[in-house]
Amino acid sequence: MSEEPRDIGVLIIGGYLGSGKTTLVNHILHSGTGRETLVLVNDFGEIAIDGDLIEADSDGVVTLVNGCSCCALSTPLIEFLVSLRERATRPQLLIIEASGVANTALVASHAMIPGFRLEGVVTVVDAETIGERLSDDYVGNTVQRQIEAADVLVINKTDLAGAVDVERASELLGSLAPGALVVEAVNAEVPIVFLLGETLESDLDLFEVRNASDSGEPHAKHETWSWECDTVINRTRFESVLESLPDRVLRVKGVVNFDASPLHRSIIQRVGSRLAITQGAAWGSDQATSRVVLIGYPGSINPKVLAEAFNAASI
Amino acid sequence: MSDTTIYTASKIVTMHSSNPVATAVAVRDGCILAVGSLEECQAWGPHVIDERYADAVILPGFIEAHGHIMDALNSEQSYVGFFDYPLADGSTVLGITSTAALISRLKEIESGLGDDEILLANGLDPIFFPGEPRLTCHDLNEVSKTRQIFIRHASGHLATVNSALMEAEGITRDSLTPGVGKDKSGEPNGELREPPAMSLASRAFREMQIRSINPGLVRTHGEMARNAGVTTSTELVGLMLLLPQQLEAWHEIVDAPDFPGRMVLYNLPSMPGTSADYDAMAEAFLALQKSDTPKMRNGGVKLIIDGSIQGWTAKMQWPGYFSGEDNAHLLTTPEELKATVKAFHRRRININAHCNGNAATEIFLDAVEDALIDFAWLDHRHVVQHSQTSTAAQYRRMAKLGVCANIFTNHIWYWGDQHSEITMGPDRVRGMWACRTALDAGVPISLHTDSGVTPIGHLMTMWCAVNRVTPTGRVLGEAERITPYEALYAATLGAAYQLHLDHEIGSIETGKRADFAVVDASPLDVDRLAIRDILVFGIVVGGEHFEAPQNAESGS
Ligand SMILES: [Zn+2]
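Those protein sequence lines, which keep their order, are chains A and B.
Under numbering that gives the first Met the number 0, the first residue of the first sequence is numbered 0, with each subsequent residue one higher.
Under numbering that gives the first Met the number 0, the first residue of the second sequence is numbered 0, with each subsequent residue one higher.
Next comes the structure, spelled out in structure tokens:
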């Protein structure tokens, strides 16, 4: 098992035309993902029928077209993913920028085939126009579906919209996707840790610190809690603790020392109800301290209850 | 001087209004020299008389203005759909009407396969087995416990597989991919819904993909068209802009003297649901057209705006669907469609738009209107394809805008009962496939089979348009019936008009290509309910004769 190549993490970026998807992708690439990253622009180009069409240009960006509705033509994305996982050298992270009318939930299910691990679905909305889009006779349900599929919703262009628009957008999104993390942004500048599932220990600090600040930051509408433990953790009990968390806890990230795999770090990543536990680096001579960070809506986090639950999972 | 051959017939229905009926047609250089009585034809000089069709009826070759070569898959791999399907060799594979019939058909196919082969079958439609439990891997395990079995359903969105396949491909209770069907105990039940789950059956899935984009399918499609009297067919999901490397293979097959017909392609400028640089695609299309030959042409581009009615993915205006889920979504946006239409329209490239729902029709008409205001190409003949639910007001608009409708009348027979009971409702279904309304409004129409979805052949599309009868005996909208003459016009000259080829084909008229359908009776003479039973003997394409195989044994 340990010799098998790691699954490729997949981040889906969706959103209607003009919402700022490409800006967000550029922002992510600029900020750096810490991993070898390939970007798939699911819009322009040719059908990837065989593997050699997936050679990326120097920026690590490939383009291909994704059919999304009918018959045999619905599968270029799968063809692409299958050929990608069969390559000798594979990226660690694949960012898919979906087309403006894409059904992002369906795109996301492509990333749940063997060899891939869905890290999240991000939907970008334009603060100013989202209300209008949602009530549009023709595209309203497309936009609504993109919002409902999201783990993270980025309300973009808040600088161009009035405060009332932003507030209204936030309410709309909250009612359509109560389980999603909503962040406000200018030029799609969203802290990377909110978007990516992969968790490095250094990210945890960032994640926690950013959430601790409560003014001026785009995510002040959330609260956060963290837990540390120096003893070994029972994996089964730990998983049931995660399962019992309230719905309004939006994200869990962690690095844990499990009884079942004591030599390596286990990386915890939960987006919505989707839990992924993957093997991280060996502890080696490092102190094997487990650490978990939660983020949720105000009122979703009861430190006393959580501490008791997590402590009970340690041996 | 070239040779002239005069063909005599018991009757020649020309669809040329100045000269509607004849008994002889003279052909020179693959074109029609004269049409009239034998004496009139003889007056044109030296000739030979060919009496092979003396007892038959000659019609203009039928023109299928919305086909797909995918129907050839039914000839080349196992078809298990509900309705009988005529194959290239002239035989007919009988429809599968129950799970028991499916299992015995599969056993029969299985016994003929080599050791390494997997069993792929296509077209299953359990919507027609009411009351039967859903098909699962357990049913298919009866066919084989060792050979992989993959049954693709008619919708294309679902497959059912057996346990041997799941074992080989590692599909288990732990499979996380959405769409893997599981039973109450959490074990996978063999249902794989939507392409991501279907792709878990990697070998079967890949094999099906490879087969479905094989240009060689066009050869078999041509034979199936020939058997139905079709002399010009189309591929409405042409891939020449997206997979230009296929062009040569197509030409090699279609231009060959033994290929029984002409093909016109409408090419996708982008995959459905995605965008492209449409100006660049339009330029690429103009370059592509330079490769056209009399037998194979690129007629225009195809835009897919919405989904299907029976899949609840067609975009309907208020009040939407009668019952069932509304999964409708547009594959483009109104703004983007306007820009797309303009890019092609201003270069005088014909546009065929897939519009099943009337909301899709509406945004397409908006886009055409916009393009016309900017660029006055009046003879564009853009086509609303399928046009299953276009409204009377939309047909009036189409007439004003010069837009044609290609109406999917075969739905009346194949899914009409379902449209009445489930999708549209018993009242509103009367206004679907509104051929009468379209003609009265002045919209040029054609009829189509969407070959592969229903079998190619205009005797059936005409029969549907004229009778509007369903398998349970319902009449869906008597007021929308058209006459046999109007239906035959739609299937010949009407289709030619939409292809911008009415000066060349579509009627038996001096100067046009000698493309004929040879049949045993005129659809204008037989009882209206007997139109679909007319026998096709074969076709003539550019003066070359292609016989349809007769009396081949029916079976699987
Ligand atoms: Zn079609």
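Beta carbons: idealized from backbone N, C-alpha and C, even for Gly.
Cβ of residue i within 7 angstroms of any heavy atom in ligand 1?
i	result
B:Leu264	no
B:His67	yes
B:Leu235	yes
B:Asp449	yes
Roughly how many angstroms lie between the CA atoms of residue i and residue j, to the nearest whole one?
i	j	result
B:Asp115	B:Val142	16 angstroms
B:Pro59	B:Pro522	12 angstroms
B:Ala224	B:Met397	30 angstroms
B:Pro19	B:Glu503	17 angstroms
A:Val120	A:Val251	15 angstroms
A:Pro190	A:Glu222	16 angstroms
B:Pro214	B:Ile538	23 angstroms
B:Leu175	B:Ser198	13 angstroms
B:Glu190	A:Gln145	26 angstroms
B:Pro187	A:Gly173	35 angstroms
B:Thr448	A:Val24	44 angstroms
B:Leu285	B:Pro268	12 angstroms
B:Val229	B:Val442	23 angstroms
B:Asn405	A:Ala160	45 angstroms
A:Gly44	B:Ile350	Note that A:Gly44 has pLDDT 33, beneath the 50 cutoff, so the model's placement of it is unreliable and the number below is only indicative. Spanning the two alpha carbons is a distance of roughly 20 angstroms.
B:Asn409	B:Met459	7 angstroms
A:Ile294	A:Ala308	16 angstroms
B:Tyr496	B:Asn355	21 angstroms
B:Ser232	B:Leu371	29 angstroms
B:Gly29	A:Ile112	55 angstroms
Taking C-alpha atoms, which residue in the options lies nearest to residue i?
i	options	result
A:Gly17	A:Ala104, A:Thr88, A:Ala187 and A:Leu249	A:Ala187
A:Leu249	A:Val181, A:Ala259, A:Leu159 and A:Glu170	A:Val181
B:Phe321	B:His328, B:Ile308 and B:Thr135	B:Ile308
B:Leu510	B:Gly542, B:Asp526 and B:Ile538	The question names Leu, but residue 510 of chain B is Gly in the sequence shown. Ranking B:Gly542, B:Asp526 and B:Ile538 by Cα distance to B:Gly510 puts B:Gly542 first.
B:Leu105	B:Pro187, B:Ser90, B:Gly80 and B:Ala547	B:Gly80
A:Val291	A:Ile267, A:Asp285 and A:Arg247	A:Ile267
A:Gly139	B:Gln316, B:Lys341 and B:Thr448	B:Gln316
B:Arg347	B:Val367, B:Ala64, B:Ile411 and B:Tyr484	B:Val367
B:Val535	B:Leu330, B:Val26 and B:Pro85	B:Pro85
A:Gly298	A:Arg247, A:Gly283, A:Arg89 and A:Glu96	A:Arg247
B:Asp416	B:Arg473, B:Thr390, B:Ile455 and B:Gly456	B:Arg473
A:Arg273	A:Val192, A:Arg264, A:Ile129 and A:Asp150	A:Asp150
A:Leu244	A:Thr141, A:Gly99, A:Ile154 and A:Pro302	A:Pro302
A:Ala311	A:Pro261, A:Val254, A:Phe237 and A:Ser289	A:Phe237
Residue i by DSSP, collapsed to three states: which one?
i	result
B:Val47	strand
A:Val60	Caution applies to A:Val60, whose pLDDT of 49 falls short of 50 and renders its modelled position unreliable; the model cannot decide the point.
A:Thr223	strand
B:His152	strand
B:Glu131	coil
B:Ala8	strand
B:Asn349	strand
B:Asp2	coil
A:Ile129	helix
B:Met431	coil
B:Lys181	strand
B:Pro125	helix
A:Ala47	Bear in mind that a pLDDT of 30 at A:Ala47, under 50, signals an unreliable position, so the model cannot answer this.
B:Gly542	coil
B:Ala196	helix
B:Gln245	helix
B:Ala516	strand
A:Gln268	strand
A:Lys303	helix
B:Tyr484	helix
A:Gly279	strand
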